[in-house]
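Trainee:
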Amino acid sequence: GACGNTGFPDSTNFHSIGDNAMNSSGTPYLLLSQIDDPRQIIHFDQTSGQWKREDAPYNATEIFFDADDNLWAIARGINVLKRARGSTNWELVYSEGSNNNCFPKSSVNEDRSIAYVHTHACDQKTATIYAIRLK
Numbered sequence: 009g010a011c012g013n014t015g016f017p018d019s020t021n022f023h024s025i026g027d028n029a030m031n032s033s034g035t036p037y038l039l040l041s042q043i044d045d046p047r048q049i050i051h052f053d054q055t056s057g058q059w060k061r062e063d064a065p066y067n068a069t070e071i072f073f074d075a076d077d078n079l080w081a082i083a084r085g086i087n088v089l090k091r092a093r094g095s096t097n098w099e100l101v102y103s104e105g106s107n108n109n110c111f112p113k114s115s116v117n118e119d120r121s122i123a124y125v126h127t128h129a130c131d132q133k134t135a136t137i138y139a140i141r142l143k
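My numbering puts the first residue of the sequence shown at 9, with every later residue one more than the last.
1) Rounded to whole angstroms, what's the CA-CA distance from isoleucine 140 to tryptophan 80? Just pull it up for me.
2) Residues in the same chain with beta-carbon distance under 6 Å from arginine 91, minus the five sequence neighbours each way, listed in chain order, please.
3) When you compare only the Cα positions, how much space is there between serine 32 and isoleucine 137?
4) With a cut-off of 8 Å on the beta carbons, I'd call glutamate 62 and glutamine 48 a contact; round off their distance for me.
5) Would you mind giving the Cβ-Cβ distance between alanine 135 and phenylalanine 72, rounded to the nearest angstrom? I have them listed as a contact below 8 Å.
6) Are leucine 89 and proline 65 closer than 9 Å when you measure CB to CB?
7) Determine the burial state of proline 112: buried for a count of at least 16 other Cβ atoms within 10 Å of its Cβ, exposed for fewer.
8) Under 8 Å by Cβ, that's how I've got asparagine 109 and glycine 85 pegged, so tell me the actual separation to the nearest angstrom.
9) When the Cα atoms are used, what is the spatial distance from tyrosine 37 to asparagine 107?
10) Residues in the same chain with beta-carbon distance under 6 Å from glycine 26, minus the five sequence neighbours each way, listed in chain order, please.
Here's what the structure looks like:
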C-alpha cells in the first residue's frame, strides 16, 4: 500500500498496519510491518509536523497506552516492554525467557489499568492469557 503521507516512499511495501494506539492528547501511533524490514512504530510529531519512526522493540506486534500515557509493546516469547511517558527508552518489564508463545493479541480494560494478552503456543496446541497490571 501507499504510505507517502506517513513519511515512507510510495514504493515501500508493507505486510500490514499491525496495530495502532492513541495517547491522551490524540497523537496516533502506528505499528507498521514492512516487507524485508523490522517492524516500526511511527507517530505524528506535532512540534515538527512530521512523522517520527523507530524500530519496534523486540519486533513487537502489539502496542497500547495505559492511563498515564506510558506506551506498552508486546512481542512474541512473551516479552512485555514499557516506555514511560516522555521517555525514549524501552524497559523490558517481563520476559518468559523462551519463544514458546506466539501471536500475541492485547486488549486493555476501560480505565486502562489492566491489559489482557492472549497468545498461542507457537505450535498452536495451547493458548495462554496474561493479565498485566498497568498501575
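For every residue, glycine included, the Cβ atom is placed at its ideal position computed from N, Cα and C. Small disclaimer: the values here were computed from a predicted structure and weren't measured.
Mentor: In terms of the structure at hand:
1) Approximately 11 Å, taken between the alpha carbons.
2) Closer than 6 Å at Cβ, skipping near neighbours: Leu79, Trp98.
3) Taking C-alpha positions only, serine 32 is separated from isoleucine 137 by approximately 27 Å.
4) Glutamate 62 to glutamine 48, Cβ: 6 Å. Contact.
5) Incorrect: roughly 20 Å between the Cβ atoms, too far for contact.
6) Pairing leucine 89 with proline 65 gives a Cβ-Cβ distance under 9 Å.
7) A buried status is given to proline 112, since no fewer than 16 other beta-carbon atoms sit within 10 Å of its beta-carbon.
8) With a Cβ gap of about 6 Å, asparagine 109 and glycine 85 count as contacting.
9) Going from the Cα of tyrosine 37 to the Cα of asparagine 107 covers about 26 Å.
10) Cβ neighbours of glycine 26 beyond the five flanking positions: Leu39, Ser41, Thr69.
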